[in-house]
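J.: Residue numbers (full-length UniProt numbering): 1 to 335. Beta carbons are placed, not taken as given, at the ideal position from N, Cα and C, and that holds for glycine. Take a look at the following structure, please.
This is the structure we're talking about:
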């Protein structure tokens with residue numbers, strides 16, 4: 001199948017229907033269990049593997065505002081010599097989209113197909129309505145530590161793209177949207193009802209991370225990592241830098257963390273668990289334990305081919321996107 005068939009992101013509306021994004025910029029809406037969703041519009045994107053629509057978040061006040069927020073990659077194509085990342089606010093009414101407004105746009109940069117780490121994980125804080133988005137390093141690891149660069153950062157902004165009041169005070173020359181920094185390829189984010197921010201970061205060899213994101217925190221990339229580089233040489237560990245925030249959990253093998261959610265409902269036997277989807281190795285189950293987390297049990301669908309987003313439906317069930325070759329998401333756990 002072509003990229004037009006590749007689901008790359010999804011999120012639930014309060015009524016339990018899902019908003020889906022395809023790699024080519026197509027937005028769709030549908031009931032996750034009743035057949036193919038309906039196309040509601042298409043956003044202009046730069047489209048290659050891992051790019052296009054990279055994240056979707058639904059405004060917690062969607063019933064009133066009708067708004068969703070979408071992270072996309074941009075560029076004239078066909079090469080990666082002039083690409084960027086943007087956050088687009090869209091109004092969704094019925095089966096049409098309108099009022100497409102870019103609330104933030106990065107500078108254009110050059111990267112390569114093997115280094116095109118766009119990230120693009122996004123969510124909306126239900127406490128204050130802030131839009132929080134995590135951007136990859138785009139193949140420029142040192143930029144993740146540069147306060148003036150958008151690369152490798154967690155950005156926090158209002159729904160109009162202005163600086164959030166929760167951001168640390170920006171120093172001279174710093175990007176004032178930066179909330180936290182030091183990430184490599186953040187593919188999933190989830191903000192709980194009390195405003196707690198979780199994000200997963202995909203490492204190169206081992207060391208995939210589940211992070212608790214806090215204002216002003218440095219998560220270490222590329223100064224420290226629990227993984228190794230292209231030559232399989234270990235990076236310095238987080239324990240060597242007490243000034244850097246260690247992940248809640250990091251892997252001893254390469255799983256390619258893809259999405260994260262924390263379960264609220266008590267009808268699935270997973271209440272309070274943090275679920276993390278992987279590329280081909282099922283869904284990890286975690287529960288908070290001291291300053292970190294511990295595995296809550298066997299992975300769900302272990303050995304399966306799950307990739308992409310993972311989310312709890314407000315009306316019940318936990319769902320995700322199975323693979324790029326499928327034309328609809330599948331149920332991981334349901335009522």
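Check for me: the alpha helix (DSSP H) holding residue 65 runs from which residue to which?
T.: 62-65
J.: Let me check one thing: in DSSP terms, what residues is residue 98 bridge-paired to?
T.: 91
J.: Could you compute how far the alpha carbon of residue 221 sits from the alpha carbon of residue 142?
T.: 8 angstroms
J.: CA-CA distance, residue 211 and residue 186?
T.: 10 angstroms
J.: Suppose only complete runs of 3+ residues qualify. What are the beta strand (DSSP E) ranges in the region 231-287, listed by chain order?
T.: Runs found: 257-262 and 274-278.
J.: Please list the terminal residues of the continuous beta strand (DSSP E) segment that includes residue 48.
T.: Unbroken run through residue 48: none, as it is neither H nor E.
J.: What do you get for residue 93, buried or exposed, if any count of 16 or more other CB atoms within 10 angstroms of its CB means buried?
T.: exposed
J.: Identify which residue in 124, 85 and 86 has its Cα closest to the Cα of residue 67.
T.: 124
J.: How far does the beta strand (DSSP E) with residue 10 in it extend, from its first residue to its last?
T.: 7-12
J.: Decide if residue 131 is buried, meaning its Cβ has at least 16 other Cβ atoms within 10 Å, or exposed.
T.: buried
J.: Find out if the Cβ-Cβ distance for the pair residue 20, residue 7 is shorter than 8 angstroms.
T.: yes
J.: Are the beta-carbon atoms belonging to residue 263 and residue 275 less than 8 angstroms from one another?
T.: yes
J.: Rounded to the nearest angstrom, what separates residue 315 and residue 32 at their Cα positions?
T.: 11 angstroms
J.: Just to confirm the assignment, what range does the beta strand (DSSP E) spanning residue 38 have?
T.: Residue 38: member of the beta strand (DSSP E) spanning 38-42, first to last residue.
J.: Report the rounded CA-to-CA distance for residue 116 versus residue 207, giving the unit in angstroms.
T.: Linking residue 116 to residue 207 through their CA atoms gives a straight-line distance of about 19 angstroms.
J.: List the whole-angstrom C-beta distance separating residue 75 from residue 83, where the pair is believed to meet the contact cut-off of C-beta under 8 angstroms.
T.: 4 angstroms
J.: Residue 256: which of 201, 318 and 299 sits nearest, CA to CA?
T.: 201
J.: Measure the Cβ-Cβ separation of residue 309 and residue 51 and say whether it is below 8 angstroms.
T.: no
J.: Which class does residue 142 belong to by DSSP, given the choice of helix, strand or coil?
T.: Residue state, collapsed to three classes: helix.
J.: If I'm right that residue 284 touches residue 294 with Cβ under 8 angstroms, what's the distance once you round it to whole angstroms?
T.: Cβ atoms of residue 284 and residue 294 stay farther apart than 8 angstroms, at about 11 angstroms.
J.: What three-state label does DSSP hand residue 32 in the structure shown?
T.: coil
J.: Could you please give me the residues that DSSP links to residue 219 through a beta bridge?
T.: Looking at the DSSP assignment, residue 219 forms no beta bridge with any residue, so it has no partner.
J.: Which residue marks the beginning of the beta strand (DSSP E) containing residue 20, and which one marks its end?
T.: Segment 18-22, the beta strand (DSSP E) holding residue 20.
J.: Quick check on DSSP: helix, strand or coil for residue 347?
T.: The structure shown does not extend to residue 347, since the chain is modelled only from 1 through 335, so no value can be given for it.
J.: Does DSSP put residue 295 in a helix, in a strand, or in coil?
T.: Three-state result, residue 295: strand.
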